[in-house]
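Protein chains in written order, with my numbering: chain A, 1 to 410; chain B, 1001 to 1410.
Cβ coordinates follow ideal geometry from the N, Cα and C atoms, glycine included.
Computed from a predicted model, the values in this text were never measured in an experiment.
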């Protein structure tokens, strides 16, 4: 009997009624002759509410305590889901992360799965139970509860699918798949039938709403991931190995798979800082200690042992980042800080560009044609990212979407 | 260093602010040079809210799932308490029932503690942690979470105290001790300094707000239990072995310790049922299957192999109980059902009465003097209970309180 591993996100489980609706979907899959394992997130905004509760006690909650606190969100949703399925007349059982055998390291709040012992899950499946697992959580060797960080339930799902040798992992959410671009920005955006793991990794890191860790795990264990809507039965997008993507159609090769966009980008430039070993660490360590995410970093070749260093942060992090930089720059006599907000990030992503140098030129030309200045550029093997003025984002995305032949049905 | 085991109830932990206040009390005890272990209930009405949530999914939630769901209430309060203590600058750690080594049988919803492995608790105490334990929950051999039933956190606390060989177990709640009677009914009621386990067992079963199981455990392992207020520092009541209660003062011997009262009692009488073996089981099995608690049972000697059987139930259970009894009585031709509501239960409790026959007479006389009719009587070795009209309860309680010398300071 095939094993089906599904994951449902919090927005699909926000109320008792929604849980009961999803329970019917799950039961149907069981009736179709599958062994069914379901990973659930916490209901709706539960995790945020629990964090708020912790913050009402202390501004600086202990990560270990916070993990045990947050883990209750998924315990609640998984027990309710098991109840809902049982009330439909099917056998179901809920398992906490610990009961499901999800072992992690001890990095509270961002633990990594160190191993999975699927014996209990298999045992419950053999008893004809539909198994509902609390996502986002695991347990250390010392039996302390950990959480895997935001989006951790996706990671749980893919890891469970791998440990059960399931054919694929189905992630049901409030979007119905991966699009060639954000449809709010590019109305002609199309849903992709398939996308490669590496492309999706870039998409996830650069705008698409998915946890990169789950995709990395899918890649590592070769578990195809279906992303689809929990609200309808439309076909979603399958994330799988690049080489297994249907290559019959010529257009699938050497092409851009999608455009990702991100607003609210700000940049900070440190002018004329001394270019010597260790300088970048000196700049970025206090930033990361303040929990500020630095995104694009550009450092130019130095002139007279002085260089300009530019990096982007979220708009909301700009002021704290400047405060920190002012202290750092004091050490470098003659240095100066400038900053700019109202920027946006736009990327083209596709394994196609890997061996074809023409993509960058095409992208830059398309932006130039629309009179859009490129502020910064950063690339990976399968991605080209430009920082531009936010007001140009829509035009830029739409013209690139068209330029790279994404407007037509694919 | 002495080990102090404390338990705080849900009404003492209803808000973040209350948790922070209690955290200070706990930290003070630690500063005074104690090793401190604290058992917490769920915040305020959390347990009821979780039950409501389950009922919004299904009218008949699986006991196993319900247990895992309900256990989250205490996980939340214990993590928040640990955070609150840490924010005061002390070391603290929260432990779930499973982490605290509380093993139980598999009777979900009313599990019994089958053993405690206090290694982890001891380990954390040795690391100078204040240890906060989620009450009310344990874990089966199969690592399934169980709950101990209403009031189970008291049981957790006494069991932990026993396993740690603590001198006593302190239970902090919204009352400041055990009273000779309910002060709302008998304004002259006095707080007891000490009370025996057996007396308290009768008190708890007959009106006083405490979990009899925790008292049984205190008795079995000889762990004195202090019941006191979490809102002030007034001395509470210590529940301890009868023989260890201060006997210097003559009045402590052979006396009534307290009067318990209960309103909203209803009774059902089955008239002329055949008196043959198995008849009582036939009557009470369907009642207990319907989860109706039967309290006082009186069966008279039979005449012509027919007897009358009377029992009391809570007023709210009267109608369902009558419905069940009507089916039962159909089998017994010529039998009949009568019922009565607006009754109350009043008991005098005290080890003193064990060897002194005069107590019953004194009680009956006192009620007679006040023109109060006694409907039913039931006794244990250290308790005499009468069922009377509810409208006489106040007068009855006050006159018995005075009759048995409880009005004066003790």
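(1) Measuring only the C-alpha atoms, how far is residue 1294 of chain B from residue 1129 of chain B?
(2) Quick one: residues in its chain with C-beta nearer than 8 Å to the C-beta of residue 1194 of chain B, no 5 flanking neighbours on either side, listed in chain order?
(3) How long is the line joining the alpha carbons of residue 403 of chain A and residue 199 of chain A, rounded to whole angstroms?
(4) What number of angstroms, rounded off, separates the C-alpha of residue 1066 of chain B from the C-alpha of residue 1148 of chain B?
(5) For residue 1181 of chain B and residue 1256 of chain B, what's the separation of their Cα atoms in angstroms?
(6) Across the segment 373-382 of chain A and the segment 1005-1015 of chain B, are there enough close Cβ pairs to call them in contact, namely three or more that are closer than 8 Å?
(7) In whole angstroms, give me the CA-to-CA distance for residue 143 of chain A and residue 28 of chain A.
(8) Just mark residue 1258 of chain B as buried or exposed, buried being the case when its beta carbon has 16 or more other beta carbons within 10 Å.
(9) Consult DSSP for residue 1226 of chain B and reduce its assignment to one of helix, strand or coil.
(10) Please classify residue 1033 of chain B as buried or exposed, where buried requires at least 16 other C-beta atoms within 10 Å of its C-beta.
(11) So which of B:1302, B:1105, B:1214 has the shortest CA-CA distance to residue 1169 of chain B?
(12) Look up residue 1406 of chain B in the DSSP assignment and say whether it is helix, strand or coil.
(13) Do we get a CB-CB distance below 9 Å when we pair residue 1110 of chain B with the residues of chain A?
(14) Taking 9 Å as the CB-CB cut-off, is residue 25 of chain A touching chain B?
(15) Going along chain B in order, which residues have a C-beta closer than 8 Å to the C-beta of residue 16 of chain A?
(16) Which chain A residues are close to residue 1063 of chain B, counting only those with a beta carbon under 7 Å from its beta carbon?
(17) Considering only C-alpha positions, which residue in the set A:407, A:279, A:340, A:25 is nearest to residue 315 of chain A?
(18) When the Cα atoms are used, what is the spatial distance from residue 251 of chain A to residue 4 of chain A?
(19) With a cut-off of 9 Å, does the C-beta of residue 251 of chain A fall near any C-beta of chain B?
(20) Along the segment 120-140 of chain A, what residues have a CB closer than 7 Å to any CB found in chain B?
(21) Could you spell out where the beta strand (DSSP E) holding residue 311 of chain A opens and where it closes?
(22) According to DSSP, is residue 383 of chain A part of a helix, a strand, or is it coil?
(23) Are the segment 1345-1363 of chain B and the segment 1315-1324 of chain B in contact at 8 Å, needing three or more beta carbon pairs?
(24) Judging by CA-CA distance, which residue of A:263, A:107, A:137, A:69 is the nearest neighbour of residue 95 of chain A?
(25) Could you name the residues of chain B that residue 96 of chain A contacts, counting a contact when the two beta carbons are closer than 8 Å?
(26) Between residue 301 of chain A and the rest of its own chain, which residues show a CB-CB distance below 8 Å, the 5 nearest in sequence each way excluded?
(27) Locate the alpha helix (DSSP H) running through residue 281 of chain A, then write down its first and last residues.
(28) Around the Cβ of residue 1152 of chain B, are there at least 16 other Cβ atoms within 10 angstroms (buried) or fewer (exposed)?
(29) For the beta strand (DSSP E) that residue 158 of chain A lies in, which residues bound it at each end?
(30) Run the CB neighbour count on residue 1272 of chain B, radius 10 Å, all protein chains shown included, and call it buried at 16 or more, exposed below.
(31) Alpha helix (DSSP H) containing residue 326 of chain A: first to last residue?
(32) State the CB to CB distance for the pair residue 113 of chain A and residue 102 of chain A, rounded to an integer number of angstroms; the pair is presumed to be in contact (CB under 8 Å).
(33) Please return the same chain residues whose Cβ sits closer than 7 Å to the Cβ of residue 1284 of chain B, not counting the five positions on each side in sequence.
(34) So within the segment 109-193 of chain A, which uninterrupted beta strand (DSSP E) runs reach at least 3 residues, ignoring any that extend past its ends?
(35) Kindly confirm or deny that the segment 1325-1335 of chain B and the segment 1365-1376 of chain B touch, where touching means at least three C-beta pairs closer than 8 Å.
(36) Indicate whether at least one CB of chain B lies closer than 9 Å to the CB of residue 45 of chain A.
The short version:
(1) In a straight line, the C-alpha of residue 1294 of chain B is about 45 Å away from that of residue 1129 of chain B.
(2) 1237, 1238, 1239, 1240, 1245, 1246.
(3) Those two C-alpha atoms are separated by around 19 Å.
(4) C-alpha separation (whole angstroms): 12 Å.
(5) Straight-line Cα distance between these residues: approximately 11 Å.
(6) The segment 373-382 of chain A makes no contact with the segment 1005-1015 of chain B; the number of CB pairs closer than 8 Å stays below 3.
(7) So the two alpha carbons sit approximately 35 Å from each other.
(8) It counts as buried.
(9) Strand, per DSSP.
(10) Exposed, since its Cβ has fewer than 16 Cβ neighbours within 10 Å.
(11) Considering only alpha carbons, the answer is B:1214.
(12) Residue 1406 of chain B: coil per DSSP, three-state reduction.
(13) Using a Cβ-Cβ cut-off of 9 Å, residue 1110 of chain B does not count as an interface residue toward chain A, since no Cβ of chain A sits closer than that to its own.
(14) Not one chain B Cβ lies under 9 Å of residue 25 of chain A.
(15) Contacts between residue 16 of chain A and chain B, judged by CB atoms closer than 8 Å, involve 1053, 1056, 1057 in chain order.
(16) Neighbours of residue 1063 of chain B on chain A: none; closest Cβ ~10 Å, over 7 Å.
(17) Nearest Cα to residue 315 of chain A within the set A:407, A:279, A:340, A:25: A:340.
(18) Its pLDDT being 49, under 50, residue 251 of chain A is placed unreliably by the model, and the measurement read from it follows with that caveat. Take the alpha-carbon of residue 251 of chain A and the one of residue 4 of chain A: they are about 32 Å apart.
(19) Only weak support exists for where residue 251 of chain A lies, its pLDDT of 49 falling under 50; the value from the coordinates is given anyway. No, because no Cβ of chain B sits closer than 9 Å to the Cβ of residue 251 of chain A.
(20) Here the close residues number zero.
(21) For residue 311 of chain A, the enclosing beta strand (DSSP E) has its first and last residue at 306-314.
(22) It is a strand residue.
(23) Segments in contact, no.
(24) If we check each option's Cα against that of residue 95 of chain A, A:137 comes out closest.
(25) Those within 8 Å of residue 96 of chain A in chain B are 1068, 1145.
(26) So the qualifying residues of the chain are 307.
(27) 279-289 is the extent of the alpha helix (DSSP H) around residue 281 of chain A.
(28) Under this definition residue 1152 of chain B is a buried residue.
(29) Residue 158 of chain A -> not in any beta strand (DSSP E); alpha helix (DSSP H) instead, spanning 152-163.
(30) Burial call: buried.
(31) From DSSP, the alpha helix (DSSP H) with residue 326 of chain A extends over 318-330.
(32) Yes, they are in contact, since the Cβ atoms of residue 113 of chain A and residue 102 of chain A sit about 6 Å apart, within 8 Å.
(33) Answer for residue 1284 of chain B: 1294, listed in chain order.
(34) You should have 113-116, 130-134, 137-139, 145-147, 169-173.
(35) Counting Cβ pairs under 8 Å, fewer than three are found: no touch.
(36) No, because no Cβ of chain B sits closer than 9 Å to the Cβ of residue 45 of chain A.
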